Amino acid sequence: MSADYNIIIIGAGVVGLAAARAIAEKGETSVLIIEKEDGFGHGISSRNSEVIHSGIYYNQGSIKAAYCSRANKRLYQFCDKENVWYNNCGKLVIAQQGQDPALQDLYQQGILNGVDGIRLINKNEIASLEPNIAAETALFIPSTGIISANELMSAFYRISASREHDTLFMSSVKNVGKTESGAYEITIIEHGSTESSVTANWVINAAGLHSDAIAELVMGNTAPSLKFSKGEYFKLSSQWANKFSHLVYPLPDIKHDTLGIHLSIDQSGFAKLGPSAAWLDSLNENYSVDEDLKSVFYDEAKKYIPDLDIDDLSADYSGIRPKYFVNNDQQSDYYIKHEKDAGLAGWINLVGIDSPGLTAAISIGEDVAEWIIN
Ligand SMILES: Cc1cc2nc3c(=O)[nH]c(=O)nc-3n(C[C@H](O)[C@H](O)[C@H](O)COP(=O)(O)OP(=O)(O)OC[C@H]3O[C@@H](n4cnc5c(N)ncnc54)[C@H](O)[C@@H]3O)c2cc1C
3 MSADYNIIII GAGVVGLAAA RAIAEKGETS VLIIEKEDGF GHGISSRNSE
53 VIHSGIYYNQ GSIKAAYCSR ANKRLYQFCD KENVWYNNCG KLVIAQQGQD
103 PALQDLYQQG ILNGVDGIRL INKNEIASLE PNIAAETALF IPSTGIISAN
153 ELMSAFYRIS ASREHDTLFM SSVKNVGKTE SGAYEITIIE HGSTESSVTA
203 NWVINAAGLH SDAIAELVMG NTAPSLKFSK GEYFKLSSQW ANKFSHLVYP
253 LPDIKHDTLG IHLSIDQSGF AKLGPSAAWL DSLNENYSVD EDLKSVFYDE
303 AKKYIPDLDI DDLSADYSGI RPKYFVNNDQ QSDYYIKHEK DAGLAGWINL
353 VGIDSPGLTA AISIGEDVAE WIIN
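Structure below.
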């Protein structure tokens with residue numbers, strides 16, 4: 003097949019860039035990344051909690067569990083090698099009175115998922131690790147951490163560019179066809195008006211919130227479809243800076259398939275709460291934060307931060323989760339597939355990559371590179 007590029011990647015978020023980096027490490031130079039925004043990482047990848055997850059939450063046997071457990075160590079190694087900022091601070095999943103059975107279940111799941119070093123701790127140990135947190139019991143998870151998503155994506159992008167990969171920003175994929183020689187022909191609208199097309203033997207669909215719509219361009223109604231859940235954050239005032247040294251999570255919110263309104267810290271030691279979870283009727287990329295949620299956040303966080311005052315909270319930012327559900331499962335999973343069995347050899351779908359996608363991206367990218375290059 004003769005084509006302009008061997009590989010086209012649609013989407014320059016952490017997943018697309020992780021694939022580009024892994025492909026670059028294999029020596030492949032004929033790569034084009036197409037991104038609708040004016041730079042990389044303007045989508046979900048810069049609207050999240052920036053947590054390196056351990057893999058404890060995901061059902062045994064799920065794709066999420068497999069990728070997250072594998073990627074956790076891999077990501078720390080990569081950060082060390084490429085000088086990406088992280089803090090392996092560890093985390094507490096806390097239980098209040100009456101929640102111990104659910105905490106025990108989570109602990110067992112963590113064991114089954116092979117999460118390193120997890121252990122149950124009592125009230126006294128919680129108080130010594132986090133004096134500002136009140137809880138009856140907790141799970142201590144040492145392999146959790148926080149990371150600079152921007153530095154991670156910059157490192158991926160740098161490695162991709164070092165292999166002379168091309169990038170087209172401000173270019174939105176509008177259609178996909180096939181050439182007579184069997185290559186994929188991608189129609190792009192550049193800068194909102196100029197239409198052009200480019201061909202490739204392989205296409206990696208890493209379009210985040212739009213990955214289902216891109217899949218639909220080639221698969222029609224057999225494409226995986228997504229549901230969307232908005233998550234909002236409130237930050238804590240500077241008086242809470244450097245008052246916590248671990249991430250603190252309540253038990254997961256199974257009804258909304260989320261981890262619950264948790265406390266995380268950033269690179270400067272500032273603390274934030276979130277994300278909340280609200281299903282959207284359809285994809286609406288409105289990232290405003292609803293001030294009316296302040297009391298909801300306060301009520302949730304006050305359960306474990308007794309000295310919190312409602313005036314300590316102010317609206318911060320929000321993100322949207324792309325959720326892919328298999329049958330009627332309560333927990334979403336990833337749709338990661340080379341679609342050769344659907345008659346689409348060379349087309350790879352990376353759809354529904356919600357949390358822990360920032361963590362998992364490195365291993366997803368490495369697998370994709372392996373499928374293409376070996
Ligand atoms: C609230 C929230 C909290 C989270 N917290 C964590 C966390 O703590 N830890 C963790 O591991 N994960 C977390 N995640 C998940 C993680 O952020 C995502 O899994 C990951 O960022 C997804 O990356 P992506 O590259 O698939 O998507 P994106 O970053 O959205 O990248 C997709 C790119 O495709 C581009 N694009 C879309 N359509 C087109 C088109 N037609 N043409 C060209 N380009 C297109 C977009 O502009 C975008 O840049 C969280 C997610 C959310 C929403």
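Per the working numbering, residue 3 is the first one in the sequence shown, and the count goes up by one each step. For every residue, glycine included, the Cβ atom is placed at its ideal position computed from N, Cα and C. Given the structure is predicted, the values throughout are model-derived calculations rather than measurements.
Proximity below 9 Å, CB of Tyr186 to CB of Phe42: Cβ atoms of Tyr186 and Phe42: not closer than 9 Å.
Neighbourhood of Ala24 by C-beta, 6 Å cutoff - its chain only, sequence neighbours within 5 removed: The answer, listed in chain order, is Gly367, Glu368 and Ala371.
The alpha helix (DSSP H) enclosing Pro103, as first and last residue numbers: Segment Asp102 to Leu114, the alpha helix (DSSP H) holding Pro103.
Exposure of Leu114, with buried meaning 16 or more beta-carbon neighbours within 10 Å: Per the 10 Å Cβ criterion, exposed.
Start and end residues, beta strand (DSSP E) containing Gly359: Here Gly359 belongs to no beta strand (DSSP E); instead the alpha helix (DSSP H) covers Gly359 to Ile375.
Coil, strand or helix - Val291 by DSSP: Coil, per DSSP.
Sequence-distant residues of the same chain with beta carbon closer than 6 Å to Arg323, five excluded per side: Around Arg323: Ser231 and Asp356.
Option in Ser316, Ile35 and Leu219 with minimal Cα separation from Arg165: Closest option to Arg165, Cα to Cα, is Ile35.
Span separating the alpha-carbon of Ile12 from that of Gly116: Taking the CA atoms as reference points, Ile12 sits about 33 Å from Gly116.
Endpoints, the beta strand (DSSP E) within which Ala140 is located: Where Ala140 is concerned, the enclosing beta strand (DSSP E) stretches over Thr139 to Ile143.
Contact set for Leu249: own chain, Cβ-Cβ below 8 Å, skip 5 residues either direction: Only residues of its own chain outside the window of five on either side were considered, and among them Val53, Cys91, Gly92, Lys93, Leu94, Thr146, Ile148, His264, Leu265, Ser266 and Ile267 have a CB closer than 8 Å to the CB of Leu249, listed in chain order.
Which of helix, strand or coil DSSP assigns to Ala157: It is helical.
Short Cβ contact (9 Å threshold) for Glu37 with Ser173: Cβ distance < 9 Å, so Glu37 and Ser173 count as in contact.
Residues near Lys125 in its chain [Cβ-Cβ closer than 8 Å; skip 5 each side]: For Lys125, where only same-chain residues beyond five positions count, the Cβ hits under 8 Å are Ala137, Glu138 and Thr139.
Glu234 and Ser278 closer than 9 Å at C-beta: Going by beta carbons, Glu234 and Ser278 fall inside the 9 Å limit.
9 Å Cβ cutoff met for Ala67 and His167: For Ala67 and His167, no; Cβs fall outside 9 Å.
Exposed unless 16 or more other CB atoms sit within 10 angstroms - verdict on Gly321: Under this definition Gly321 is a buried residue.
Assumed close pair Phe299, Leu275 - CB separation to whole angstroms, cut-off 8 Å: Confirmed, Cβ separation roughly 5 Å.
Same chain only: Cβ atoms within 7 Å of Gly57, ignoring 5 sequence neighbours per side: These residues qualify, in order along the chain: Ala67, Cys70, Ser71, Asn74, Asn115 and Val117.
Whole-angstrom distance between Val33 and Met169, CA atom to CA atom: Checking the sequence shown, residue 169 turns out to be Thr, not Met. When rounded, the distance between both Cα atoms is 8 Å.
Counted within 10 angstroms of its Cβ, other Cβ atoms place Glu334 as buried (16 or more) or exposed: Looking at the sequence shown, residue 334 is not Glu but Ser. Ser334 is buried by the Cβ-count criterion.
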